[in-house]
Amino acid sequence: MAVNRCVAVALGLVGVTISVVVVILVLALQGVSVRGQDLGRGKDDPRRIPYGSDNRWKNILYNEVRMRNRYNHPTHIVVAPRTLFPGAVYRCVVSILYLEHPVDVRAFLRKDGVELASARSNIIKGYPETLLLQGVGEYRLLKSRPLSSNAPSCLLPFSPSSSTPSTLLFLVLLLRFRIILLTTELRPYDDPVDVYILDPDGYVMRRWPSRPTNVGVVSMSFDLPFLPKVGWWGIKAHVNGQEEVKSIKVEKWYTPRYEVKMFMPKYFLETDEAIVGDLGGEFSNDKGAYGNATLRLYIRSQGDEVWNYVMQQEIAPLDAEDEYSFPMEALARKVPKLDGSEVRVEAEIHESFTGINGTGFTMAKIINSSISCMFLGSSPYIFKPGMPFSASVAISYHDLMPLSKEKLQMSRMVVKGEAILGGGGRKTIFEIEIPQANAEDEETEFLDESWRYNKRLEAVKADDPNYDPTNFDYNYNFDQESGSRYLTDSELVERKMDMFVRNQQFEKYRDKGVFHFTMDVPDTATKLTLTAAYQDDDGDLASASAQAIAYYSPKKQYIGVETSSTGVTVGEFVVFHVRSSFNMETFNYLVMAKEMILFAAMEVLDTTSSASVKTISVPVSSEMAPAFRIFVYHLTQSHEIISDSITIPVNGISRHKTKLVINQDKDHSVRSVELGTYSTAGAFYGVSGVREFTYAMQGGNELSHASVLHSLHGFTNNTRTLHKMAWRPREGFQPEEVEYYTSGNYGPDSNRTFDFSGLVVFSDAVLGVVSGYEYHKCNETQGYSPCLMGGCFPTNKKCDGFDDCADKYDEVNCGDKLADTEVDFRIHRYVKFSDFFDTEDGDWLWLDINIGHKGHEQNNIELPKVDDPYVLNAFSVSKEFGFGLIEMPQEYSAMPPMYISLEMPDSCRRGEQVGMRIMIFNNLPQEMMVLLVLHGADTHRFVAVEDNGVVDFYRPRVEAGDHQHLLSVFGLGQRSATQNS
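Numbering (the UniProt record's numbering), first residue to last: 1 to 981.
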């Protein structure tokens, strides 16, 4: 039963962090000496230089005025990233301030006293200089991060984790897997990779050193031992000092005489009337099992490990398959609360012909249908007084099931923003209502009537240029129902434009349930309270609230950055707007991605204008995907560094057309199918397919846009700046969908703005720190951690669900609240059977192709002899455009119109009787007449079956020649026939 099976698809970025010391030396170049002049100063001169003195060293060391002026302003700002990637260029930005002479700056990376790289430059004041240091790649991390389930990451990001993913795997003898390697520019990584197979105890079972890649992809297979150790195995990739492990589960499974198959939805609502599902028994030749069945129902509360018996049900007779139903009322009497409970249905089938008993089970969860309203990101947010503040709110079911468009269009939501002013007063600064979509029908009808009135009026004026509209007697110029005067052409255009802008603003909400809004914050605001309230015609209600804290600046000077670009893709320009609360001449900005500085520059503002907003545009490269950060900072006249940042998501995958076309028109017998694979010339193209019910488990074996983006965003240390919304269909027949949105700065002061952005700063300028945070040090060795705005909380109370900090910072960074926590439940919710393991046709759609010069290939694939629908998925990796994935997995039914299953011995002795069992399956909706012909020969005779099935086995009556049987097979049914010879 050796078979091939896809078990894992993974890709990742080549990047890992190592601990190094960044040292920067700033050396002033020796200036030209100047001879002191005899000015006749007395001993009481504050500069202490007497007349006629020519002591130049005293002129420097003892001139108090000069000394005070020498050190009353900062001299330098050095900004560098906290993260170093092997093989990547490490950039640090140096700005020299106020010094009139050049400065020799040397930066070097040091680890354990060994200098790894260095750079040196003579820098003059006025413009930031970038020093480039080549990263090294020979340091290994001792702890590796497993691949996320179904996520494209095979190499270790900078943030290691010891969590084990719930990844679905199969017991097969041949294990197939792919490893996809990308550079930080999301292009294929071409260097060799070491691959290991690890057993559950961590022992290396197989090793492939220096395995070459095919356009960044390694496609391999491994023969499992005949009796493998059960548990979590691992596929480890090691490259350039990095390690990544994909966990896979291996189970033992033996082919039974017949199998019990049970299916029911994964989730039931507590308002449903009954628990329903399907039960069936099936032999290996697809013949149904006939007999009696006993079903038992169990339930357990959330967090409970003991199953409580509820009731049982008898199905007699069982004709191959049947449906079952249990009332929800019986379950409600067994647990105090249905919401969150798990239901288990066990079945035992007694097959009448063989007398064999088979067992099976299936599980589901009972949930509520409540709606969740949430502000994207995490509270508390940070705002700049006197500047715009943006946020997003999202609506979905509590389990992230998306609301239907019809439900969203028939709902209304009110979003408010209230500011707490410096004097303690409160002021509502923002309020908007999203009305129901049909609320504008009356206004639209009135505008249409106004347009018709103006057309009639134009016709009358054309006939009579002197016509006075006030004498328009046969059609009044006002709406009879509302009594409103019809609008003129100019008024009509203005109203329609207002309606168009309003609908564009609400379009995202009515389509996906996400609403983005921006409010103007007063100069004196110290805190913001955001609220959102949702309701619809079904009576569903939901609400959410969030807090925002004012950015701290000692002199109350602020700089902010925002963008007007949406849907950013590689190759486009992003427009940024930098504003300040005061007049400034210049500001510096950095472009960062994956914790690395990509570009640094300084912008000069027009001093002839009083405008405090500067607009800049930045081109987007593939290295800036999947998200990049713009970091701006400025040194004020009071020698304070103020800063701000904004994070922009970038669509960096599928930049080239990756397409999969299924063509069944060339073979109507459904014995083969043609797959059209489209990509760029020379690209690697991979195709995989699984049965539909296996794909619905979403166990981690197939790539999706959500899993790819999740893995690529793993290169960000501070995931709090990634604002996203996920939608997860309950039954799993569609992949998870995720969208990332622009997010602002979470640093409450300049010091932590640098820190939260992954930067270190060296400067003798003032770096603002919240006073409560600066002077209240928390003793971490005694188990205390700092709050955001000051104060401490016990470290062991972090993420315990209770607010121990006034600013609620102890409940921040407590994991991804949108993470999928149901993977393990989906994998183990029903008993496994042969179709699940797919032991005979599991890899019929495992294709590795290199696209030719035409940019596409046509592949004729022989179909497996199965009658289940499949889900096909495909990706490609291009040298020029990187990784690409088809838009959506495609469903394909491999079921032929009709097929026959034959069961008989493969050999026999002369004189023996051989029995043949023939199953005829009709997958067409209408009844079919089938002529079954058994050809005669001199080598065998047919045993005649007498009335009532009586056969004389010792002296049977035999017949020669061809035997014909005319059978009627119902639509979507089956028919069996038995023949002895």
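Glycine is no exception: its CB is placed at the ideal position from the N, C-alpha and C atoms.
Buried or exposed, going by whether 16 or more other CB atoms sit within 10 Å of the CB of asparagine 873? As a working note, residue 873 is residue 873 in the sequence shown. With 16 or more Cβ atoms within 10 Å of its Cβ, asparagine 873 is classed as buried.
Could you tell me the distance, in whole angstroms, from the CA atom of valine 345 to the CA atom of arginine 257? Reading the sequence shown from its first residue, position 345 is the one you call residue 345. Reading the sequence shown from its first residue, position 257 is the one you call residue 257. Answer to the nearest angstrom: the Cα atoms are 22 Å apart.
Would you list the residues sitting across from tyrosine 589 in a DSSP beta bridge? The residue you call residue 589 lines up with position 589 of the sequence shown. In DSSP, tyrosine 589 forms a bridge with Ala601 and Val632.
What does the alpha-carbon distance come out to for the pair histidine 935 and alanine 944? As a position in the sequence shown, residue 935 is number 935, starting the count at 1. As a position in the sequence shown, residue 944 is number 944, starting the count at 1. Their Cα atoms are separated by approximately 15 Å.
Of the listed residues Tyr309, Glu348 and Arg300, nearest to serine 341 (C-alpha basis): Against the sequence shown, residue 341 aligns to sequence position 341. The shortest Cα separation from serine 341 among Tyr309, Glu348 and Arg300 belongs to Arg300.
Specify, as a first and last residue, the run of the alpha helix (DSSP H) that aspartate 441 falls within. The count along the sequence shown starts at 1 and reaches residue 441 at position 441. Residues 441-463.
Can you check the region 781-855 for any beta strand (DSSP E) of at least 3 residues that lies completely inside it and give the ranges in chain order? 784-786, 792-794 and 847-850
Would you grab the beta carbon distance between arginine 412 and glutamine 535 for me? Rounded to a whole angstrom, and I think it's under 8 Å. As a first step, residue 412 is located in the sequence shown; it is residue number 412 there, counting from the start. As a first step, residue 535 is located in the sequence shown; it is residue number 535 there, counting from the start. Contact holds; Cβ gap of about 6 Å.
Whether glutamate 321 touches glycine 280 by CB criterion (7 Å): The residue labelled residue 321 in the question sits at position 321 within the sequence shown. The residue labelled residue 280 in the question sits at position 280 within the sequence shown. Against a cut-off of 7 Å, the Cβ pair of glycine 280 and glutamate 321 comes out as a contact.
For leucine 222, which residues of its own chain have a beta-carbon under 7 Å away from its beta-carbon, when the five flanking residues on both sides are left out? The residue labelled residue 222 in the question sits at position 222 within the sequence shown. In the sequence on display, residue 222 carries phenylalanine and not leucine. Excluding positions up to five away in sequence, the list reads Leu175, Ile197 and Arg206.
Measuring CA to CA, which of Val570, Thr607, Ser565 and Val574 is closest to glutamate 585? One-based indexing of the sequence shown puts residue 585 at position 585. Closest by alpha carbon: Thr607.
Euclidean distance between Cα positions of glycine 126 and serine 95: Against the sequence shown, residue 126 aligns to sequence position 126. Against the sequence shown, residue 95 aligns to sequence position 95. Distance between the alpha carbons of glycine 126 and serine 95: 7 Å.
Should phenylalanine 587 be labelled buried (16 or more other beta-carbon atoms within 10 Å of its own) or exposed? As a working mapping, residue 587 is identified with position 587 in the sequence shown. Phenylalanine 587 should be labelled buried.
Please report the distance separating the alpha-carbon of threonine 359 from that of histidine 713. Here residue 359 is taken as the residue at index 359 of the sequence shown, counted from 1. Here residue 713 is taken as the residue at index 713 of the sequence shown, counted from 1. Going by the C-alpha atoms only, they are around 44 Å apart.
Measuring alpha carbon to alpha carbon, tell me which of Asp868, Ile275 and His705 ends up nearest glutamine 313. Along the sequence shown, one-based indexing puts residue 313 at 313. Glutamine 313 has its Cα closest to that of Ile275, out of Asp868, Ile275 and His705.
Under the three-state reduction of DSSP, which class applies to lysine 508: helix, strand or coil? For the purposes of this step, residue 508 is taken as the residue at position 508 of the sequence shown. Reduced to three states, the DSSP call for lysine 508 is helix.
Counted within 10 angstroms of its Cβ, other Cβ atoms place glutamate 185 as buried (16 or more) or exposed: On the sequence shown, residue 185 is found 185 positions in, with the first residue counted as 1. The residue is buried, with at least 16 neighbouring Cβ atoms inside 10 Å.
Residue range of the unbroken beta strand (DSSP E) whose run includes histidine 577: As a first step, residue 577 is located in the sequence shown; it is residue number 577 there, counting from the start. Here the beta strand (DSSP E) through histidine 577 covers 573-580.
Among Val310, Glu323, Leu318 and Pro317, which has the Cα closest to the Cα of glutamate 329? Against the sequence shown, residue 329 aligns to sequence position 329. It is Val310 whose Cα lies nearest to the Cα of glutamate 329.
Note the first and the last residue of the continuous alpha helix (DSSP H) segment covering leucine 709. By 1-based counting over the sequence shown, the position of residue 709 is 709. That run of the alpha helix (DSSP H) goes 705-712.
For glutamate 731, which option in Glu822, Ala293 and Arg91 has the closest C-alpha, if you only look at C-alpha atoms? In the sequence shown, residue 731 corresponds to position 731, counting from 1. Among Glu822, Ala293 and Arg91, the Cα nearest to that of glutamate 731 is on Glu822.
Close-in-space but distant-in-sequence residues of the same chain around asparagine 651 (CB under 6 Å, 5 per side omitted): Here residue 651 refers to the residue found at position 651 when the sequence shown is read from its first residue. Same-chain partners within the cutoff: Thr569.
DSSP three-state assignment for glycine 961, whether helix, strand or coil: On the sequence shown, residue 961 is found 961 positions in, with the first residue counted as 1. Correct three-state label for glycine 961: coil.
Could you please give the first and the last residue of the uninterrupted alpha helix (DSSP H) stretch that includes threonine 271? Here residue 271 refers to the residue found at position 271 when the sequence shown is read from its first residue. Taken as a continuous stretch (DSSP letters only), threonine 271 belongs to no alpha helix (DSSP H), as it is neither H nor E.
Backbone CA spacing between leucine 400 and valine 393 [nearest angstrom]: To locate residue 400, count along the sequence shown from 1; it is residue 400. To locate residue 393, count along the sequence shown from 1; it is residue 393. Going by the C-alpha atoms only, they are around 14 Å apart.
Which residues mark the beginning and the end of the alpha helix (DSSP H) in which methionine 363 is found? Your numbering for residue 363 matches position 363 in the sequence shown. Premise fails: methionine 363 lies in the beta strand (DSSP E), 357-367, not in any alpha helix (DSSP H).
Own chain partners of phenylalanine 283 with C-beta closer than 6 Å, once the 5 adjacent residues on each side are dropped: Working through the sequence shown from its first residue, we reach residue 283 at position 283. Tyr258, listed in sequence order.
Residue burial classification, asparagine 503 (beta-carbon count within 10 angstroms, cutoff 16): For the purposes of this step, residue 503 is identified with residue 503 of the sequence shown, where counting begins at 1. Result: exposed.
Whose CA, out of Arg671, Lys455 and Phe268, lies closest to the CA of residue 1029? An answer regarding residue 1029 cannot be provided, because it is not within the stretch 1 to 981 covered by the chain.
Helix, strand or coil at phenylalanine 970 [DSSP, three-state]: Working through the sequence shown from its first residue, we reach residue 970 at position 970. Correct three-state label for phenylalanine 970: coil.
Which residues does DSSP list as the beta-bridge partners of serine 672? The count along the sequence shown starts at 1 and reaches residue 672 at position 672. Bridge partners of serine 672: Glu862.
Nearest to methionine 262 (by Cα), restricted to the options Asn701, Ser711, Asp838 and His828: Residue 262 sits at position 262 when you count from the first residue of the sequence shown. Taking only the C-alpha atoms, the option nearest methionine 262 is His828.
Glutamine 242: first and last residue of the uninterrupted beta strand (DSSP E) it sits in: As a first step, residue 242 must be located in the sequence shown, where it is residue number 242. Segment 242-250, the beta strand (DSSP E) holding glutamine 242.
Would you call the region 718-726 in contact with the region 740-757, where contact means no fewer than 3 C-beta pairs closer than 8 Å? yes
From the DSSP secondary-structure annotation, give me the bridge partner or partners of glutamine 535. Taking the first residue of the sequence shown as position 1, residue 535 is located at position 535. DSSP lists Arg412 and Leu541 as partners of glutamine 535.
My output table needs one value for asparagine 438: the three-state DSSP class, helix, strand or coil. Along the sequence shown, read from residue 1 onward, the residue named residue 438 stands at position 438. Of the three classes helix, strand and coil, the one that applies to asparagine 438 here is helix, per DSSP.
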